[in-house]
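Input: a single structure, listed below in structure tokens.
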Amino acid sequence: MPDALAEDWGFELRRVLTGFKFIGGQIDLLTQAGQGDRYLIGFEESYGYL
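As numbered in the UniProt record's numbering, residues 1 to 50 make up the sequence shown, in order.
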């Protein structure tokens, strides 16, 4: 489903390993690049959102 949403809405989808530390790592990378406002939502299949 995330793939279909990204394609339909035209946003970037990044896949990382399971765990909030990996999702948070992507947030950190965007923030360090001065693009922290690009982050929308992070989630994992085991029912978690960040």
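Glycine included, C-beta positions come from ideal geometry on N, C-alpha and C.
In this text, all values refer to a predicted model and were calculated from it rather than measured experimentally.
When the five nearest sequence neighbours on each side are left out, the beta carbons in the same chain lying within less than 8 Å of the beta carbon of T18 are those of E44, E45, S46, in order along the chain.
In this structure, the alpha-carbon of W9 lies about 25 Å from that of Q32.
When DSSP states are grouped into helix, strand and coil, E7 belongs to the helix group. With fewer than 16 other Cβ atoms inside 10 Å of its own Cβ, I41 counts as exposed. Rounded to the nearest whole angstrom, the C-alpha separation of R38 and A6 is 14 Å.
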